[in-house]
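Counting in full-length UniProt numbering, the sequence shown runs from 1 upward without gaps.
From the three backbone atoms N, C-alpha and C, an ideal C-beta is built for every residue, glycine too.
Keep in mind the model is a prediction, meaning the values are calculated, not measured.
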Amino acid sequence: VSEPLTTRMFQDQLKEKVRPLIDLIDEMRYLGIEKQLNLPAIVVVGDQSSGKSSVLEALSGVALPRGTGIVTRCPLLLQLCYEKHNVWKAEISYREQIYEFTEPSKVVNYVEEAQNDLAGKGDGICEELITLKIKSKTVCDLTLIDLPGIARVAVKGQPEDIGEKIKGLILNYIKRKETIILVVVPCNVDIATTEALQMAQQVDVEGTRTLAILTKPDLIDPGAERIILDIVQNRTIPLNLGYVIVKCRGQKQIDENMSIIDAIEDEKEFFKRHLHFSSLEEKTTIINLSKKLTVTLVEHIKKSLPEMSEKIKKLLGDVRNKLNKLKHEPALDPSEKRKHLIKVITEFIEKINQLSNGDIITEENLFVLMRKDYKQWMGILTNSIENYQKHVQEVAAEYDKTHRGSELPGFSNYNVFRQVAQKLLGELVNPAMMTVHTVREMVQKQFDILSKDCFEGYPFLQQFSKRNIESIQDQQSQMAMGRIKEQFEMEMLVYTQDEIFNIQNKLDSETTDYTEQDKRTNYPELLKAYYEIVVQRMGDQVPMLIYYFILKEGAKNVCSEMLSLLYEDDIDKILQEDSYIEINRVKLKAQLECLLHANEKLNNL
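Spelled out as structure tokens, the structure:
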């Protein structure tokens, strides 16, 4: 067996500095931190048949799935771990499945099975990640993510939009500023028109995080070598990370069963003897590429550490806040459970009493909303005074001089006055009932908001309180409407001891001729004076009855019903949590543990 992919001296020198950093990122990714923040990574992109698989095979030392069409159908996270001892071990994992094996030839089958499980058999793709971890003395410490090759035309069995789906998947990875973009481009195509490089340039305009690999140098047309030299020497499309040119196994060599290690030796000889490329030194061969990638990734991780540390600290704060907002875990001891129930119900009672007194505000200010409705009610009353003036005069004019007053001084016929007043009052009953209904709806809504907030995570308490709030509001609104109707019925008696009305009537009597016609002309003014008294009475009485029965008594009765739960025996049923609360708590605790672990790792570097 030939010397490993890279020299042991290089690996031994870098191992102590490199492995902890790469392990840190790999472990964060394994713990799921990548779902919360983007991690430094090298992402491999290229057109179909660009030689991408051959490059990855040379770096990993194992054969990967090959064929026509889309070969890489899921993102493949390739974790390469340099192992000093002559031991080869691998592990493939996706979703909840993990398989360990020690035979390199099994890699192809495991990857294909994983892709079939995730993306289905055929040529479809899936965004779920497959992780392949390889420990060997023939690899560098390196982690890469291989993405599906760019396809332009759908073939049989593929969705029509397969090309757009692949581009969307690639962009999702390469647009992240934490990503190093490794673009694979064949030497025998026009690099300027390569779609993979164009996509990289869209998201990395200045080329600060793009590294290009030129493949298939043995297929360059004679005379075109100078073009490739200009590209590799960064003269054509400048990239800060530059270019590396490699020669991997071709299909003929694969068919002849040339091993990857032999192919690396063949590559060395190719560049050593090449007329134009032998002078490129460190910009050729898989060995130099692997060194460059390792160093580049480590430097990229180092630059990312301060920002990662800040983001993890922020995430820690966010997760802790979310955990604090969740209700405390139910106690196991029965007496502690009852104490907790008392605390929960007491908090609700305190808040609902504060709400009914105007001391707290939920989503909206309840008293401001009620005042708007009361103001509308008063507006209806006030407007009715003017609206009915014409009607009053018409009714008064219908009666002739033969009608005589009986009850109130100054009227020829008391029945005339009473009938008009009763008619006006009757038309105000529906607006009053509508005011009751509107206020009842807003009070019930506010009570429900408090219930949802105080009993969040406790479905029984939420349902019990909601049911009682609705039932009690039904009862209280009926009582309020009943009392308001009684008030209207009392108003139908047409009675007042109001001094202003009596003084006005006395003045009218003293200054008016006592002909029946003259008395009849005083009807509108006297009726208006009396009606204003009614308006004042009803303007206050309706809101007071609504406030008392619907808000004050409603709150008191709801509190009484909630207190009855304290005498129930089945505390477990009452305090049973919503399943999502428990699931969310477990999830947040796992996130907290991961973040704490990651934070500790960062602090120890």
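Practice problem: Please name the residue in 168, 113 and 138 whose C-alpha comes closest to that of residue 606. | Solution: For the chain, the structure presents residues 1 to 605; residue 606 sits outside this window and is missing.
Quiz item: Can you tell which of 109, 316 and 193 has the C-alpha that lies nearest to the C-alpha of residue 596?
Solution: 316
Quiz item: With distances taken from CA atoms, which of 77, 160 and 209 is nearest residue 123?
Solution: Among 77, 160 and 209, the Cα nearest to that of residue 123 is on 160.
Self-check item: Beta-carbon separation (whole angstroms), residue 458 vs residue 577, contact threshold 8 Å
Solution: 7 Å
Self-check item: For residue 251 and residue 51, the rounded distance between their alpha carbons
Solution: 10 Å
Practice problem: With residue 215 as the anchor, note down where its beta strand (DSSP E) starts and where it stops. | Solution: 210 to 215
Quiz item: Beta-carbon separation of residue 184 and residue 46 under 8 Å?
Solution: Yes; because the gap between Cβ atoms is below 8 Å, this pair is in contact.
Quiz item: What number of angstroms, rounded off, separates the C-alpha of residue 271 from the C-alpha of residue 129?
Solution: For residue 271 and residue 129, the distance between alpha carbons rounds to 36 Å.
Quiz item: What did DSSP end up calling residue 616 once you bin it into helix, strand or coil?
Solution: Within the shown structure, residues of the chain are numbered from 1 to 605, placing residue 616 beyond reach of any answer.
Self-check item: Per-residue DSSP class, three states only, for residue 90
Solution: Residue 90 carries a strand assignment under DSSP once its states are collapsed to helix, strand and coil.
Practice problem: Quick one: residues in its chain with C-beta nearer than 7 Å to the C-beta of residue 166, no 5 flanking neighbours on either side, listed in chain order? | Solution: 125, 148, 150 and 151
Quiz prompt | Three-state class that DSSP yields for residue 520 in the structure shown | solution = At residue 520, the pLDDT of 47 sits below 50, so the modelled position is not reliable and the matter cannot be decided from this model.
Quiz prompt | Nearest neighbour of residue 40, chosen from 54, 223 and 77 [CA to CA] | solution = Comparing C-alpha distances from residue 40 to each of 54, 223 and 77 shows the shortest one belongs to 77.
Self-check item: Among 198, 119 and 144, the one whose alpha carbon lies nearest that of residue 162
Solution: 119
Exercise. Check residue 513 in the structure and name its three-state DSSP category.
Key: The predicted position of residue 513 is uncertain, since its pLDDT is 49 and thus under 50; a value taken from the coordinates is nonetheless stated next. Residue 513: coil per DSSP, three-state reduction.
Self-check item: Local Cβ density within 10 Å of residue 178, reported as buried at 16 or more and exposed below that
Solution: buried
Exercise. Only counting runs of 4 or more residues, tell me where the alpha helix (DSSP H) segments fall wholly within the region 249 to 302, in order along the chain.
Key: 251 to 255 and 260 to 273
Exercise. Please name the residue or residues paired with residue 601 in a DSSP beta bridge.
Key: DSSP output for residue 601 lists no bridge partner at all.
Quiz item: Between residue 421 and residue 377, is the Cβ-Cβ spacing less than 8 Å?
Solution: no
Quiz item: Out of 297, 302, 264 and 571, which has the shortest C-alpha to C-alpha gap to residue 284?
Solution: 264
Practice problem: Classify residue 613 as buried or exposed, calling it buried when 16 or more other Cβ atoms lie within 10 Å of its own Cβ. | Solution: Past the boundaries of the shown model lies residue 613; the chain is included only from 1 to 605, so the question cannot be answered.
Quiz prompt | C-alpha distance - residue 309 paired with residue 603, whole-angstrom precision | solution = When rounded, the separation of the alpha-carbon atoms in residue 309 and residue 603 is 8 Å.
Quiz item: When burial is assigned at 16 or more other CB atoms within 10 Å of the CB, is residue 536 buried or exposed?
Solution: exposed
Quiz item: If residue 92 sits next to residue 132, beta carbons under 8 Å apart, how far is it from one beta carbon to the other, in whole angstroms?
Solution: 5 Å
Quiz prompt | Assigned secondary structure, residue 454 (DSSP; H/G/I helix, E/B strand, else coil) | solution = helix
Quiz item: By DSSP, does residue 542 sit in helix, in strand, or in coil?
Solution: Of the three classes helix, strand and coil, the one that applies to residue 542 here is helix, per DSSP.
Quiz item: Is it true that the CB of residue 203 sits closer than 8 Å to the CB of residue 180?
Solution: Using a Cβ distance threshold of 8 Å, residue 180 and residue 203 do not count as a contacting pair.
Quiz item: Identify the residues that DSSP records as bridge partners of residue 117: which are they?
Solution: Answer by DSSP bridge pairing: none, since residue 117 is not bridged.
Quiz prompt | Close beta carbons around residue 366, own chain, < 6 Å, minus the five adjacent residues each side | solution = Only 446 meet the Cβ criterion.
Quiz item: Which same chain residues, not among the five before or five after residue 209, have their C-beta less than 8 Å away from its C-beta?
Solution: 177, 179, 180, 181, 240, 241 and 300
Quiz item: With distances taken from CA atoms, which of 236, 437, 453 and 207 is nearest residue 192?
Solution: Out of 236, 437, 453 and 207, 236 has the C-alpha closest to the C-alpha of residue 192.
Self-check item: Close Cβ partners of residue 488 (< 7 Å) along its chain, the five nearest in sequence each way excluded
Solution: These residues qualify, in order along the chain: 425 and 429.
Practice problem: List the residues that DSSP assigns as beta-bridge partners of residue 136. | Solution: Answer by DSSP bridge pairing, in chain order: 82.
Quiz item: Identify the residues that DSSP records as bridge partners of residue 186: which are they?
Solution: Answer by DSSP bridge pairing, in chain order: 215.
Exercise. If I'm right that residue 298 touches residue 18 with Cβ under 8 Å, what's the distance once you round it to whole angstroms?
Key: 5 Å
Exercise. Have a look at residue 322 and residue 588 and give me their C-alpha separation to the nearest angstrom.
Key: The straight-line gap separating the alpha-carbon atoms of residue 322 and residue 588 is approximately 8 Å.
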